[in-house]
Amino acid sequence: GERARSAPRANSGRGVAYWSDGQGDDRIYVITPAYHMVALDAHTGREIESFGTNGVVDLRLELDRPVDLIEDVIGSSSPPVIARDVIVVGAALAVGS
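Here the sequence shown stands for residues 608 to 704, where the numbers follow our numbering.
Dropping the structure here:
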């Protein structure tokens, strides 16, 4: 609708990443508009509680620079990438950040 066309983070979270250990541990990783990474069980859709804090990692807290959690604009317009069991996440910051 009209509201979605003007959403400030309309391009956030455009996809997911899939990972499997080949033994039945199949996971889906997604980056939310709030810049949290969530790990989901691919079979049930439930959060994997052993990942981060109850299945969620606040990526704003893991940056190599100070972040104002209220004022700074940060997010990701791409899904995470998994390479050799390492999750890689990009960041989109406001101009001048």
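We put the beta carbon where it would ideally sit given N, CA and C, even for glycine.
Fair warning: this is a prediction, and the values are worked out from it, not measured in the lab.
- Pairing Ile681 with Leu700 gives a Cβ-Cβ distance under 8 Å.
- Annotated as proximal: His643 and Val663, with beta-carbon spacing under 8 Å.
- Each residue's CA atom was taken as its position, placing Asp692 and Tyr636 some 12 Å apart.
- Scanning Glu656, Ala698, Asn661 for the CA closest to the CA of Glu669 turns up Ala698.
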